[in-house]
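Peer 1:
Residue numbers (the UniProt record's numbering): 1 to 359.
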């Protein structure tokens, strides 16, 4: 008969969740092998052993048995529309107001400042609050949220489905402030400022009109969207960028990819040569596609984009445009086609453009 295994008085949180034998050293050998030694802590056993405690913020520590389960967060989804969608929708509302009252176009600088203040206010509301009475700082709370994310991501538990586990990790990453929806309102503010500076009144009105027609379709979809939905969309966008990195490097045709507000996030060297700038200038929204087009071509693009933005039956448009070099000194006539890529909610997530220079 084989000798009985020695029972330990307590297990770490990961060995207990996986129903595995744990040793008494901290970090335990299993956590060391899994490269999560820094997360190895004692778990509360069935007989009451263990020493995990939670600071409730009032100077007392509660036993771990009173801590709510992490999985509860997923079932308590917020019912309000995401403030990031709300910011974008507010920008579209401002565009519509400018169509109804042309005098507002001349006051766009003030609108832009107001929008920036609104965004800053939203960002402030998203930050953890400072509990002065209890002596807790925002930094401490952020650190705790990050530790919670790392614990969730490293948890080897197989008791939930991979899809549910992914949602848990995403929620924890959101709470830690490590993953946020993209703020498109800033993109609309950038577009408005560019139009005020470089375009005549007629061109601005022609661009504002198709953008305002997007508003009803966007509003219908936005009512059901929450921050977690937008984070999944943003992750989809990041994966799309990786795939187009490979596509663009194998293309000899000038091509680039931009968000629905115009900021360029990827381009190949052929397109960079066409507009006389470096590839490194065509990432992370440093330049916008309308900044590299003549005024009439930019208006033509926005009109065509606005007419099919939410039409699932329309994906690609073939037209022409005049690109211009980054310094604005030279014009490059091109055949131009663009394809709209949409997310799971039929909202345009990016536009991919191909350009063939005309001699």
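Don't be surprised by glycine CBs; every beta carbon is placed ideally from N, CA and C.
Which stretch, first to last residue, makes up the alpha helix (DSSP H) that contains residue 247?
Peer 2: Its alpha helix (DSSP H) spans residues 227 to 249.
Peer 1: Looking only at DSSP bridge pairs, what is residue 353 linked to?
Peer 2: Paired residue(s): 256 and 338.
Peer 1: Quick one: what does DSSP say residue 216 is sitting in, helix, strand or coil?
Peer 2: In this structure, residue 216 counts as helix in the three-state DSSP scheme.
Peer 1: Taking the CB atoms as reference points, tell me whether residue 210 and residue 94 lie closer together than 8 angstroms.
Peer 2: Contact: no.
Peer 1: Please report the distance separating the alpha-carbon of residue 272 from that of residue 254.
Peer 2: Using only the alpha carbons, I get a separation of about 8 angstroms.
Peer 1: Express the C-alpha separation of residue 256 and residue 340 in angstroms, rounding to a whole number.
Peer 2: When rounded, the distance between both Cα atoms is 12 angstroms.
Peer 1: With distances taken between CB atoms, is the gap from residue 356 to residue 334 smaller than 8 angstroms?
Peer 2: Contact flag set, yes.
Peer 1: Please report the distance separating the alpha-carbon of residue 342 from that of residue 13.
Peer 2: So the two alpha carbons sit approximately 42 angstroms from each other.
Peer 1: Kindly list the residues whose CB is nearer than 6 angstroms to the CB of residue 297, restricted to its own chain and excluding five residues on each side of it in sequence; keep chain order.
Peer 2: Excluding residues within five positions, the ones whose Cβ falls inside 6 angstroms are 321 and 322.
Peer 1: Looking only at its chain, what residues have a beta carbon closer than 6 angstroms to the beta carbon of residue 108, apart from the 5 residues adjacent to it on each side?
Peer 2: The predicted position of residue 108 is uncertain, since its pLDDT is 47 and thus under 50; a value taken from the coordinates is nonetheless stated next. Cβ within range, chain order: 192 and 196.
Peer 1: Rounded to whole angstroms, what's the CA-CA distance from residue 11 to residue 229? Just pull it up for me.
Peer 2: Those two C-alpha atoms are separated by around 37 angstroms.
Peer 1: The beta strand (DSSP E) with residue 318 in it runs from where to where?
Peer 2: 316 to 324 is the extent of the beta strand (DSSP E) around residue 318.
Peer 1: Output the distance between the C-alpha atoms of residue 16 and residue 30, rounded to the nearest integer angstrom.
Peer 2: Taking the straight line joining both Cα atoms gives about 11 angstroms.
Peer 1: Which one of 261, 204, 235 and 338 has the shortest CA to CA distance from residue 187?
Peer 2: For the residues 261, 204, 235 and 338, the minimum Cα distance to residue 187 belongs to 261.
Peer 1: In angstroms with no decimal places, state the Cα-to-Cα distance between residue 252 and residue 270.
Peer 2: Going from the Cα of residue 252 to the Cα of residue 270 covers about 7 angstroms.
Peer 1: Determine, using beta carbons only, whether residue 266 and residue 283 come nearer to each other than 8 angstroms.
Peer 2: Result yes, Cβ atoms of residue 266 and residue 283 sit closer than 8 angstroms.
Peer 1: Which residues in the same chain have their Cβ closer than 8 angstroms to the Cβ of residue 327, if we skip the five residues on either side of it in sequence?
Peer 2: Correct list, in chain order: 276.
Peer 1: Over the uninterrupted alpha helix (DSSP H) stretch that includes residue 188, give me the two end residues.
Peer 2: It spans 184 to 198 - the alpha helix (DSSP H) in which residue 188 sits, taken as one unbroken run.
Peer 1: Determine the burial state of residue 207: buried for a count of at least 16 other Cβ atoms within 10 Å of its Cβ, exposed for fewer.
Peer 2: Result: buried.
Peer 1: Does DSSP put residue 45 in a helix, in a strand, or in coil?
Peer 2: Note that residue 45 scores a pLDDT of 46, beneath 50, so its modelled location is shaky; the value from the coordinates is reported in the next line. It is coil, neither helix nor strand.
Peer 1: Quick one: what's got a C-beta closer than 7 angstroms to residue 299's C-beta in the same chain, skipping five residues either side?
Peer 2: Only 203, 206 and 207 meet the Cβ criterion.
Peer 1: Where do the N-terminal and C-terminal ends of the beta strand (DSSP E) with residue 305 fall, by residue?
Peer 2: Per DSSP, residue 305 belongs to no beta strand (DSSP E); it is in the alpha helix (DSSP H), 295 to 308.
Peer 1: Within 10 angstroms of its Cβ, does residue 263 collect 16 or more other Cβ (buried), or is it exposed?
Peer 2: Its Cβ being crowded by 16 or more others within 10 Å, residue 263 is buried.
Peer 1: Checking 8 angstroms against the spacing of the C-beta atoms, do residue 217 and residue 87 come in under that value?
Peer 2: Their beta carbons are not under 8 angstroms apart, which means residue 217 does not touch residue 87 by this criterion.
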